[in-house]
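Before any comments, here is the structure.
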Amino acid sequence: MANLLSLTQQFRQLYRKVFPIPCLLCGLATDDQALCESCIAELPVIQQCCIRCAIPLANAQICGQCLKKPPIQDISLSLYRYEQAIPRMMSALKYHRQIQLAEMCAQEFISYHTLATLPDVLLPIPLHPSRLRQRGYNQSLLFADSLAKLLKIPCRPELLKRIKKTATQTQLNAKQRHKNMRQAFEYSSSFVPQHVAIIDDVMTSGATTHEAARVLKRVGVETIEVWTIARAISHY
Ligand SMILES: [Zn+2]
Ligand SMILES: [Zn+2]
């Protein structure tokens with residue numbers, strides 16, 4: 008079995024030498040991943056942000072909005088500012104099955120953030136079953152699965168269910184987004200973890216993760232984190 012496994016690995020390495028994966032952004036050969044090393048190095052990593060909502064900040068720990076009205080989650084972590092190549096990357100992950108992007112972002116997320124106390128479970132933001140059928144996969148689940156493998160903690164997509172088919176949020180302002188997301192989720196287990204991380208691809212107004220966090224708080228989850236790949240650079 009071990010021999011067969013190493014043979015498969017050798018074949019894969021050889022195959023990738025002959026047919027390397029082109030970088031999604033510049034087209035050059037990559038090291039068996041979604042982007043080449045130089046494109047990864049140029050991505051707009053968030054250097055400093057609000058600890059509660061992950062909005063990029065120049066030099067404060069908590070943004071004005073969170074000081075006025077703190078969000079439900081205790082901590083928000085994000086990796087990239089939603090600008091430059093990121094909108095293109097996120098749309099490739101969401102609509103064009105660029106699954107390797109989820110793995111790459113999970114690796115970058117972990118190498119960038121110091122995660123002192125790990126959550127008990129990861130909960131990806133679910134899609135409504137009809138949207139899942141349409142798209143065939145959930146990009147947030149792909150990211151959560153990759154994180155779960157790397158961190159060796161369980162990903163439990165079945166705990167949080169989407170019970171309302173919400174309108175696409177792109178054209179909505181923050182207030183409309185919050186209204187649109189109301190009652191969108193349901194917690195469907197008697198098992199309630201103490202500490203969870205909600206996983207999503209992009210955080211814009213925070214309406215989606217706010218609604219998920221509200222449901223989790225109501226069933227008794229004590230500590231809630233929100234982990235996303237990208238964060239909008241201003242409150243919408
Ligand atoms: Zn590249
Ligand atoms: Zn904030």
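Residues in the sequence shown are numbered consecutively from 8, following this note's numbering.
Think of the CB as a built atom: it goes at the ideal place given N, C-alpha and C, for glycine as much as any other residue.
One Cα belongs to PRO27, the other to THR37, and the distance between them is close to 6 Å. Between GLN91 and PRO51, the CB-CB gap stays under 8 Å. Two segments are said to touch when three or more pairs of C-beta atoms, one from each, lie closer than 8 Å; by this definition the stretch 175 to 191 does not touch the stretch 137 to 157. Counting only residues whose CB is nearer than 5 Å to a non-hydrogen atom of ligand 1, the list in chain order is CYS30, LEU32, CYS33, CYS43 and CYS46. Between the alpha carbons of GLU165 and GLN16 lies a distance of about 32 Å. Around the CB of ASP39, fewer than 16 other CB atoms lie within 10 Å, so the residue is classed as exposed. For GLN178, the closest of LYS171, SER212 and SER147 by C-alpha to C-alpha distance is SER212. Under the three-pair Cβ rule at 8 Å, the stretch 156 to 173 does not count as touching the stretch 87 to 103. Contact between VAL233 and SER83 holds, with the beta-carbon distance rounding to 4 Å and staying under 8 Å. Within the model, the alpha-carbon separation for ALA174 versus CYS33 is close to 34 Å. Shown here for PRO78: same chain residues with a beta carbon closer than 6 Å to its own, the five before and five after excluded, namely ARG59 and CYS60 in chain order. Within the stretch 174 to 242, the runs of alpha helix (DSSP H) that reach at least 4 residues and sit entirely inside it are, in chain order, 181 to 188 and 214 to 226. Rounded to the nearest angstrom, the gap between the Cα atoms of LEU64 and ASN180 is 22 Å. A Cβ-Cβ distance of about 7 Å is found for the pair ILE205 and ILE132, placing them in contact under the 8 Å criterion. As for any alpha helix (DSSP H) of minimum length 4 sitting wholly inside the stretch 8 to 47, the runs are 9 to 25, ordered along the chain.
The criterion of a C-beta distance shorter than 8 Å is satisfied by LEU130 and ARG163. Here the distance from the Cβ of ARG59 to the nearest heavy atom of ligand 2 is below 7 Å. Nearest neighbour of MET111 by Cα position, chosen from LEU157, LEU134 and ALA67, turns out to be LEU157. DSSP, reduced to helix, strand and coil, places ILE58 outside both helices and strands of the structure shown, so it counts as coil. DSSP, reduced to helix, strand and coil, places PRO126 outside both helices and strands of the structure shown, so it counts as coil. Comparing alpha carbon positions, the residue from ILE236, HIS185, VAL25 and LYS224 closest to MET210 is ILE236.
It is roughly 22 Å from the alpha-carbon of PRO200 to the alpha-carbon of THR121. If you look at LYS168, you'll find it in the beta strand (DSSP E) that goes 167 to 169. Relative to ligand 2, the beta carbon of ILE231 is positioned no closer than 7 Å to any heavy atom.
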